[in-house]
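Q: Before I ask anything, let me first share the structure, which is written out below as structure tokens.
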Amino acid sequence: MTYKEQLYKNALDSIEQIYKNSQYDPNEDLYRSYDIINATNSAQLESKEWLAENLSSILKNKEYLRDGEVRDVLIMGAWYGITGILLKQHLDKEYNIWNVDFDPCCEKYGQLLQRDIKGCNNNTFITEDALEYFFDRTNAFQVLINTSCEHMEQEDIDLILASKNPNTIICFQSNNFHSQAEHITTFNNLKEFEQSLKLVKVYWSGTLKTSSCERYMVIGI
Amino acid sequence: MAESINPDNIIFVKHGDKYSAEHVNRLRDKLKEFYPMTQYFCYTEDPIGVEIETIPCFKKPSLRFWWNKLAMFSADFPVKGKCLFFDLDMDIKEDPSSFLKWDGLTILKDYWKDDLYMAPHAYDVHINSSVITWTAGEQKHIWDHFMSNKDYFMRKYKGIDRFLVHEGLEFNTFEHGLVNSVANPSEWKAPIDMYNGLKYDLQRTAI
Numbered sequence: 002m003t004y005k006e007q008l009y010k011n012a013l014d015s016i017e018q019i020y021k022n023s024q025y026d027p028n029e030d031l032y033r034s035y036d037i038i039n040a041t042n043s044a045q046l047e048s049k050e051w052l053a054e055n056l057s058s059i060l061k062n063k064e065y066l067r068d069g070e071v072r073d074v075l076i077m078g079a080w081y082g083i084t085g086i087l088l089k090q091h092l093d094k095e096y097n098i099w100n101v102d103f104d105p106c107c108e109k110y111g112q113l114l115q116r117d118i119k120g121c122n123n124n125t126f127i128t129e130d131a132l133e134y135f136f137d138r139t140n141a142f143q144v145l146i147n148t149s150c151e152h153m154e155q156e157d158i159d160l161i162l163a164s165k166n167p168n169t170i171i172c173f174q175s176n177n178f179h180s181q182a183e184h185i186t187t188f189n190n191l192k193e194f195e196q197s198l199k200l201v202k203v204y205w206s207g208t209l210k211t212s213s214c215e216r217y218m219v220i221g222i
Numbered sequence: 281m282a283e284s285i286n287p288d289n290i291i292f293v294k295h296g297d298k299y300s301a302e303h304v305n306r307l308r309d310k311l312k313e314f315y316p317m318t319q320y321f322c323y324t325e326d327p328i329g330v331e332i333e334t335i336p337c338f339k340k341p342s343l344r345f346w347w348n349k350l351a352m353f354s355a356d357f358p359v360k361g362k363c364l365f366f367d368l369d370m371d372i373k374e375d376p377s378s379f380l381k382w383d384g385l386t387i388l389k390d391y392w393k394d395d396l397y398m399a400p401h402a403y404d405v406h407i408n409s410s411v412i413t414w415t416a417g418e419q420k421h422i423w424d425h426f427m428s429n430k431d432y433f434m435r436k437y438k439g440i441d442r443f444l445v446h447e448g449l450e451f452n453t454f455e456h457g458l459v460n461s462v463a464n465p466s467e468w469k470a471p472i473d474m475y476n477g478l479k480y481d482l483q484r485t486a487i
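Chains B and F supply the protein sequences, listed in that same order. Using this note's numbering, read the first sequence as starting at 2 and increasing by one per residue. Using this note's numbering, read the second sequence as starting at 281 and increasing by one per residue.
The following block contains the structure:
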């Protein structure tokens with residue numbers, strides 16, 4: 002079974018578990034099943050694959066690794082951990098991936114989604130405010146990933162970049178999906194997003210066109 | 281019907297560009313006829329043109345559009361006493377006081393939805409937060425609950441009405457008769473016309 006087949010199987014198992022629980026437990030949250038479907042839909046997987054392919058090629062090139070080998074990768078606002086699962090498939094080394102999300106159910110379903118997928122050991126889930134988690138250990142990670150900058154205050158993004166180790170590689174995504182009520186920090190184009198990050202060096206940047214918006218990604222230090 | 285009490289504060293929320301400062305000022309003008317001694321506030325990120333006292337939107341968290349209404353319940357929202365909120369697409373025709381009450385959180389019941397089927401997982405509701413009464417500081421649990429998982433709640437619910445109902449937060453409803461929904465006309469003559477879901481343009485005034 003490929004990792005994608007296993008991921009879909011795990012998603013279906015999670016949804017089945019939610020449905021079955023809802024038959025007996027009035028507090029079971031049926032929306033979780035829809036949220037899991039959204040987290041594993043083709044647009045999400047395409048976006049995360051795009052990240053994994055481009056980031057992994059940077060991480061395989063020693064020229065970019067100013068502090069030596071990568072050991073720990075932090076994914077901020079990791080949701081159900083799909084980025085970590087996909088990144089694990091593209092990396093040839095056993096990095097520790099720390100998936101941090103404020104929503105306590107992300108840890109539970111993240112673990113279910115990665116079950117039996119090859120390479121997902123050391124893909125760890127933590128329920129905490131991702132900003133606080135990072136600010137408590139700013140030197141602990143060689144790579145910072147944030148695929149949902151559109152949900153974050155610009156002030157917090159600036160603070161992350163100012164607090165990180167200068168050689169820590171960041172891989173941040175945002176978009177131009179301005180109309181979504183929960184998107185508070187969006188950009189009109191890649192250049193605007195890139196400029197907002199004020200990186201010392203941009204290793205890679207690009208745009209992924211989706212049916213609803215343009216997604217921007219910048220990798221650098 | 282209970283004896284009417286006047287509010288200490290009338291609050292509007294304006295975020296984004298769907299409604300203008302003119303909507304705020306016009307609603308204030310109409311309400312001033314019935315509540316001349318009440319303090320008027322507009323919670324907004326864009327105070328330009330607003331002729332009443334403005335309260336700047338919280339910098340953290342930044343919220344957009346209707347989600348800002350929940351900030352009124354925060355312990356940090358700087359008002360005291362009895363509060364009355366109106367959406368900006370309300371047209372005040374007569375004094376609504378006899379319908380108003382301050383007993384916990386009170387919101388509108390959508391009279392036109394009484395017979396509609398609503399699947400539980402659609403999270404639809406029979407209530408409407410276009411008019412709200414509460415006492416400042418007594419509903420902060422609503423804001424605190426929202427903040428406990430706000431990103432998830434904003435994905436799950438299409439607006440604050442659904443959030444209030446389906447998160448099990450306690451509320452009362454006003455007696456029928458306070459509003460007439462322009463889209464679903466009522467059998468009664470209500471003191472307020474509500475343009476909920478319809479485009480609400482300011483009426484032209486005679487020169």
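Every residue, glycine too, gets a C-beta built ideally from N, C-alpha and C.
Which residue wins for smallest C-alpha separation from residue 329 of chain F, given the options F:340, F:318 and F:306?
A: Nearest C-alpha to residue 329 of chain F: F:306.
Q: So residue 347 of chain F contacts chain B; which residues on that side make the cut at Cβ distance below 7 Å?
A: Here the neighbours are 182.
Q: Flag residue 429 of chain F as yes if its beta-carbon sits less than 8 Å from any beta-carbon of chain B, otherwise no.
A: Judged by the 8 Å Cβ criterion, residue 429 of chain F is in contact with chain B.
Q: Determine the direct distance from the alpha carbon of residue 322 of chain F to that of residue 75 of chain B, and round the result to whole angstroms.
A: About 41 Å.
Q: Please report the Cβ distance between residue 291 of chain F and residue 365 of chain F, rounded to the nearest whole angstrom; I am assuming they are in contact, meaning their Cβ atoms lie under 8 Å.
A: Rounded, the Cβ-Cβ distance is 5 Å, consistent with contact.
Q: Taking the runs of the beta strand (DSSP E) that are 3 residues or longer, which of them lie wholly in the segment 171-210 of chain B?
A: The qualifying runs are 203-210.
Q: How about the segment 162-174 of chain B and the segment 134-153 of chain B: do they share at least three Cβ pairs that are nearer than 8 Å?
A: With a cut-off of 8 Å, the segment 134-153 of chain B and the segment 162-174 of chain B count as touching, because enough Cβ pairs lie within range.
Q: Specify the secondary structure class of residue 45 of chain B as computed by DSSP and reduced to three states.
A: In the structure shown, residue 45 of chain B sits in a helix (DSSP, three-state: H, G or I).
Q: Output yes or no for whether 8 Å exceeds the beta carbon distance between residue 295 of chain F and residue 333 of chain F.
A: Against a cut-off of 8 Å, the Cβ pair of residue 333 of chain F and residue 295 of chain F comes out as no contact.
Q: Which word fits residue 155 of chain B, buried or exposed, when buried means at least 16 other C-beta atoms lie within 10 angstroms of its C-beta?
A: Label assigned to residue 155 of chain B: exposed.
Q: Suppose the cutoff is 6 Å on Cβ atoms and the five residues either side in sequence are ignored; what does the same chain contact list for residue 374 of chain F look like?
A: Hits under 6 Å: 471.
Q: Quick check: the segment 392-399 of chain F against the segment 61-78 of chain B, are at least 3 beta-carbon pairs closer than 8 Å?
A: No: fewer than three Cβ pairs fall under 8 Å.
Q: Indicate the three-state DSSP secondary structure (helix, strand or coil) for residue 320 of chain F in the structure shown.
A: Of the three classes helix, strand and coil, the one that applies to residue 320 of chain F here is strand, per DSSP.
Q: Can you list, in chain order, the residues of its chain with a C-beta nearer than 7 Å to that of residue 37 of chain B? Leave out the 5 residues immediately preceding and following it.
A: Result list for residue 37 of chain B: 12, 15, 16, 81 and 110, in chain order.
Q: Grab me the residues of residue 39 of chain B's own chain with a C-beta within less than 8 Å of its C-beta, minus the 5 sequence neighbours each way, in chain order.
A: Result list for residue 39 of chain B: 45, in chain order.
Q: Using a Cβ-Cβ cut-off of less than 9 Å, list which residues of the segment 334-359 of chain F approach chain B; keep chain order.
A: Residues passing the 9 Å Cβ filter: 339, 340, 341, 342, 343, 344, 345, 346 and 347.
Q: Determine the DSSP secondary structure at residue 99 of chain B, reduced to helix, strand or coil.
A: Three-state DSSP puts residue 99 of chain B in a strand.
Q: So, using beta-carbon positions, are residue 153 of chain B and residue 51 of chain B closer together than 8 Å?
A: Against a cut-off of 8 Å, the Cβ pair of residue 51 of chain B and residue 153 of chain B comes out as no contact.
Q: On the DSSP bridge assignment, give the partners of residue 461 of chain F in chain order.
A: Answer by DSSP bridge pairing, in chain order: F:464 and F:474.
Q: What residues are listed by DSSP as bridge partners for residue 73 of chain B?
A: Partner(s): B:97.
Q: How about residue 191 of chain B and residue 221 of chain B: are their beta carbons less than 8 Å apart?
A: Taking 8 Å as the Cβ cut-off, residue 191 of chain B and residue 221 of chain B do not qualify as a contacting pair.
Q: In its own chain, which residues sit with a C-beta less than 8 Å from the C-beta of residue 198 of chain B, not counting the 5 before and 5 after it?
A: Only 158, 162, 171, 173, 219 and 221 meet the Cβ criterion.
Q: Using a Cβ cut-off of 7 Å, pull out every chain B residue sitting near residue 398 of chain F, in sequence order please.
A: Here the premise fails: no neighbours, minimum Cβ distance about 14 Å.
Q: Classify residue 308 of chain F as buried or exposed, calling it buried when 16 or more other Cβ atoms lie within 10 Å of its own Cβ.
A: That one is buried.
Q: What's the call for residue 212 of chain B, buried or exposed, on a 16-neighbour Cβ count within 10 Å?
A: Exposed.
Q: Return yes when the Cβ of residue 108 of chain B is within less than 8 Å of the Cβ of residue 126 of chain B, no when it is not.
A: Closer than 8 Å, so yes.
Q: Quick one: what's residue 414 of chain F bridged to in DSSP?
A: Answer is F:363, bridged to residue 414 of chain F.
Q: What residues from the segment 28-48 of chain B come within 7 Å of chain F, judged by C-beta to C-beta, listed N to C?
A: Residues 31, 32 and 36.
Q: With DSSP as the reference, identify every bridge partner of residue 217 of chain B, one or two as the case may be.
A: B:175 and B:208.
Q: Thinking C-beta only, is residue 387 of chain F closer than 8 Å to residue 354 of chain F?
A: No. Outside cutoff.
Q: Please tell me whether residue 108 of chain B has its Cβ less than 8 Å away from any Cβ of chain F.
A: Judged by the 8 Å Cβ criterion, residue 108 of chain B is not in contact with chain F.
Q: Does the segment 16-31 of chain B come close enough to the segment 54-67 of chain B that 3 or more CB-CB pairs lie under 8 Å?
A: The answer is no - the segment 16-31 of chain B does not touch the segment 54-67 of chain B, with fewer than three Cβ pairs under 8 Å.
Q: Counting only runs of 3+ residues fully inside the segment 296-360 of chain F, write out the beta strand (DSSP E) ranges in chain order.
A: Qualifying beta strand (DSSP E) stretches, in chain order: 319-324 and 333-336.
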